[in-house]
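To get our numbering, take the position in the sequence shown, counting from 1, and add 15.
We put the beta carbon where it would ideally sit given N, CA and C, even for glycine.
Worksheet: the structure to be examined is printed underneath.
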Amino acid sequence: MRKSVQQRISDTEAAIREWSHAGHEGDRRLIFMRDCLLRLRADKGLSAKQRDWLDSLCAEGPPVPAGDPALISRIDSLKCHLDARGQSALDSLRFTIVSGRTLSEKQEAFLNSLLSEAAKISECGRWVPSPEIKRKTDFAHSVLSSRGGSWKSTHPGTMGACERYDSWRKSPDSHHIDERTVEKILSACAPAMREFDKPKFIEGDLVWLTEGFWPSTFPLGGSINDMIRAGTMAMVVGAPEACGGTVGYPLLIGARPVVVSTGLLTRNPSKVRTA
16 MRKSVQQRIS
26 DTEAAIREWS
36 HAGHEGDRRL
46 IFMRDCLLRL
56 RADKGLSAKQ
66 RDWLDSLCAE
76 GPPVPAGDPA
86 LISRIDSLKC
96 HLDARGQSAL
106 DSLRFTIVSG
116 RTLSEKQEAF
126 LNSLLSEAAK
136 ISECGRWVPS
146 PEIKRKTDFA
156 HSVLSSRGGS
166 WKSTHPGTMG
176 ACERYDSWRK
186 SPDSHHIDER
196 TVEKILSACA
206 PAMREFDKPK
216 FIEGDLVWLT
226 EGFWPSTFPL
236 GGSINDMIRA
246 GTMAMVVGAP
256 EACGGTVGYP
266 LLIGARPVVV
276 STGLLTRNPS
286 KVRTA
């Protein structure tokens, strides 16, 4: 039976809806139909074999899913409570199940953890960090963001957690955050967080620099007089801040404000290194 291009487009659109509704995302046949639809809409032709296979898929309809119907139903009912990453993971696992394949132990454990998280959100609502946890996570995020490119490139999981947290912080209505993401960020800079909770110095303290350094806040091309030398006394003028991937303190040195890493500061001038 010959079909017009418009009829084939209409049949393909209907078939794609059926296959998607039946949960066959990821199936190569569904991918093939979508590719064909794009070609047809772009007024590009299909080969005879492609037309025959496309027409047969449209006529046959989606196959009956394999696997445990109760498990598939539970996945379908809980998926909406997860964020985009969680939904994508469930779609992938669901496709493995409806294809008749067996999940590995790790896949099964991952599936159970996703479903448990989704069920918890369904019953109790989505988790939101308390103001105190958010305050700590904001600081941890700034510490990790201030680390160098080499560290970031070797810790993709941690930086991914930072990106998700940053997206949620900028747009909480369209992005979600979970406890695991926050815990990953906090644990990645545990020493810095311990000092954040119990600062080594407080505002008003007098401190001495144990080593000389060139402050990044000073303009390039400055003279040797711009270097802050070991033994320089300064006053702490604020709470801890992120500084080069760790904790630093805002200081006032003369009339110059500068943030210095905690490792370069001491209350005891006798610990200052001398040349």
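Query raised in the report: Just reading off the beta strand (DSSP E) that V251 is part of, what are its end residues?
Result: Looking up residue 251 in the sequence shown gives position 236. Residues M248 to V251.
Query - Among A249, D91, R54 and T111, nearest to L69 - alpha-carbon criterion - result: Walking along the sequence shown from the start, residue 69 turns up at place 54. Nearest C-alpha to L69: R54.
Query raised in the report: Which residues does DSSP pair with L221 in a beta bridge?
Result: In the sequence shown, residue 221 corresponds to position 206, counting from 1. DSSP output for L221 lists M250 as bridge partner(s).
Query raised in the report: Can you name, in chain order, every residue of its own chain whose Cβ lies under 6 Å from the Cβ of L52, other than the five neighbours on each side?
Result: Here residue 52 is taken as the residue at index 37 of the sequence shown, counted from 1. Result list for L52: T27, in chain order.
Query - According to DSSP, residues forming a beta bridge with C258 - result: Position 243 of the sequence shown holds residue 258. Paired residues: T261.
Query raised in the report: So the alpha helix (DSSP H) P272 belongs to, where does it begin and stop?
Result: The residue given as residue 272 occupies position 257 in the sequence shown. That residue, P272, is in no alpha helix (DSSP H); its beta strand (DSSP E) goes R271 to S276.
Query - Span of the alpha helix (DSSP H), counted from its first residue to its last, around A99 - result: As a working note, residue 99 is residue 84 in the sequence shown. Note, A99: alpha helix (DSSP H), A99 to V113.
Query raised in the report: What residue does the alpha helix (DSSP H) around N127 start on, and which one ends it?
Result: Taking the first residue of the sequence shown as position 1, residue 127 is located at position 112. From DSSP, the alpha helix (DSSP H) with N127 extends over E120 to C139.
Query raised in the report: Whose CA, out of I243, N127, V287 and S92, lies closest to the CA of A270?
Result: Position 255 of the sequence shown, counting from 1, holds the residue named residue 270. Nearest of I243, N127, V287 and S92 to A270, Cα basis: I243.
Query raised in the report: Helix, strand or coil: which one does DSSP assign to I90?
Result: Here the question's residue 90 lines up with position 75 in the sequence shown. I90 falls in the helix class under three-state DSSP.
Requested in this report: Kindly list the residues whose CB is nearer than 8 Å to the CB of F228, restricted to its own chain and excluding five residues on each side of it in sequence; keep chain order.
Outcome: For the purposes of this step, residue 228 is taken as residue 213 along the sequence shown, with counting starting at 1. Here the set comprises M242, I243, V275 and L279.
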